[in-house]
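These notes are about the structure you will find just below.
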Ligand SMILES: [Zn+2]
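Numbering (this note's numbering), first residue to last: 535 to 856.
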């Protein structure tokens, strides 16, 4: 049961802390940014255990940061507002100026930034990150990349997972966009359904793959671990080198009664005009022949679903960071 698994989690902010040398790369794993998504936290604890048990030496820094501690404790997506919508300049200025009263998520944001600032001070090398999430619907594991960040794309590209691009065009204030702009390279990883056992497996696999692709572990020295983590992602349905681009989303209004039709899975094909959901009893239809992403099967959430089309890798565009 989810509640049991969750109540056993030690709710401390810094689950893994290996500073590494300042001239080595660093991997930062965020987990539990949404409090009802505990699989990343469990995976971090499992990885930490394996590193110690097998005396695996890292060639860089490695941090595991727990996200919304207050929400994790009560197994809710958030307390006052969605933590994954407030990584915005004005909100960050607010939490750092020490004058205003902060709500629950602003306090979490402040504490997370305190750690990430320290990481920036500790290293002169590249910092990579993965923000571990899960979905309310059944799903294969997939990566969600912000458009235009070449090094994040190259980091993701080697990993055995389907990628979607451009969610930030529809949702503002997500953690990866902030850290991409800060010069870190990384993405959101959606491991599968919130409470599926395969989600913990996939989170562990992405953390190991992250360590390899960030350069904190070498595949030739730990071939078994590399292969095993890649095979886990394949076995759970990840599809290498498949890219989707987000073309639209369905935003739920504050007093709207939105009900998703049952049975949609992530990446399922949808047809133009297909009834996907109801809004205050009226049908909501697909705007295109495309694929559905993140259909909403939980109460908390401001998007009903996203619509994406499959794209070829050669059409991806990149912008340079300044
Ligand atoms: Zn999430």
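From the three backbone atoms N, C-alpha and C, an ideal C-beta is built for every residue, glycine too.
Our contact map puts residue i next to residue j with C-beta atoms below 8 Å; I'd like the distance itself, whole angstroms only.
i           : j           : result
residue 844 : residue 776 : 7 Å
residue 698 : residue 827 : 6 Å
residue 822 : residue 809 : With 8 Å as the limit, residue 822 and residue 809 do not qualify as a contact, their Cβ atoms being about 14 Å apart.
residue 558 : residue 594 : 4 Å
residue 566 : residue 609 : Contact flag wrong, Cβ pair sits at about 10 Å.
residue 693 : residue 747 : 6 Å
residue 764 : residue 743 : 7 Å
residue 642 : residue 617 : 6 Å
residue 721 : residue 686 : 6 Å
Short of 7 Å in beta carbon distance, which residues of its chain neighbour residue i, apart from the five on each side in sequence? Order them along the chain.
i           : result
residue 668 : 571, 573, 724, 725, 726, 727, 728, 733
residue 614 : 637, 638, 639
residue 803 : 825
residue 770 : 674, 675, 726, 732, 735, 736
residue 552 : 592, 595, 596
residue 836 : 785, 786
residue 812 : 793, 818
residue 588 : none
So, residue i versus residue j, is the Cβ gap smaller than 8 Å?
i           : j           : result
residue 621 : residue 709 : yes
residue 780 : residue 711 : no
residue 600 : residue 547 : yes
residue 656 : residue 556 : yes
residue 663 : residue 713 : yes
residue 838 : residue 819 : no
residue 506 : residue 706 : No answer is possible for residue 506: it lies beyond the span of the chain, which begins at 535 and ends at 856.
residue 695 : residue 767 : yes
residue 794 : residue 752 : no
residue 578 : residue 563 : yes
residue 814 : residue 799 : no
Which residues does DSSP list as the beta-bridge partners of residue i?
i           : result
residue 839 : 784
residue 667 : 724
residue 803 : 825
residue 817 : 812
residue 621 : Per DSSP, none; premise fails for residue 621.
residue 661 : 560
residue 793 : 812
residue 719 : 662
residue 600 : 565
residue 713 : The partner list for residue 713 (beta bridge, DSSP) is empty, contrary to what the question assumes.
residue 751 : In DSSP, residue 751 forms no bridge with anything.
residue 844 : 778
residue 548 : 599
residue 678 : 698, 722
Using the rule of at least 16 other Cβ atoms within 10 Å of the residue's Cβ for burial, across every protein chain shown, is residue i buried or exposed?
i           : result
residue 789 : exposed
residue 829 : buried
residue 784 : buried
residue 688 : exposed
residue 816 : exposed
residue 675 : buried
residue 576 : buried
residue 591 : exposed
residue 797 : exposed
residue 602 : buried
residue 632 : exposed
residue 772 : buried
residue 680 : buried
residue 540 : Any reading at residue 540 must be qualified, since the residue scores a pLDDT of 49, below 50, and its modelled position is unreliable; the value itself is stated next. Buried, since its Cβ has 16 or more Cβ neighbours within 10 Å.
residue 611 : buried
Suppose the cutoff is 6 Å on Cβ atoms and the five residues either side in sequence are ignored; what does the same chain contact list for residue i look like?
i           : result
residue 661 : 560, 718
residue 701 : 678, 780
residue 666 : 565, 574, 723, 737
residue 856 : Interpretation of residue 856 is limited by its pLDDT of 36, a score under 50 that renders its predicted location unreliable; the figure taken from the coordinates is listed afterwards. Excluding residues within five positions, none has a Cβ falling inside 6 Å.
residue 634 : 628
residue 605 : 569, 612, 613
For residue i, which residues in the same chain have their Cβ closer than 8 Å to its Cβ, ignoring the five residues on either side in sequence?
i           : result
residue 644 : 629, 630, 636
residue 647 : 626, 629, 630
residue 778 : 696, 697, 698, 699, 801, 825, 827, 842, 843, 844, 845
residue 659 : 556, 557, 558, 559, 560, 594
Kindly indicate if chain B contains any beta-carbon less than 8 Å away from that of residue i.
i           : result
residue 821 : Within the model displayed, chain B is absent; a lone protein chain is all it includes.
Collect the residues with a C-beta less than 7 Å away from any heavy atom of ligand 3 and give them in sequence order along the chain.
Looking for ligand 3 in the displayed structure turns up nothing; the ligands present are ligand 1.
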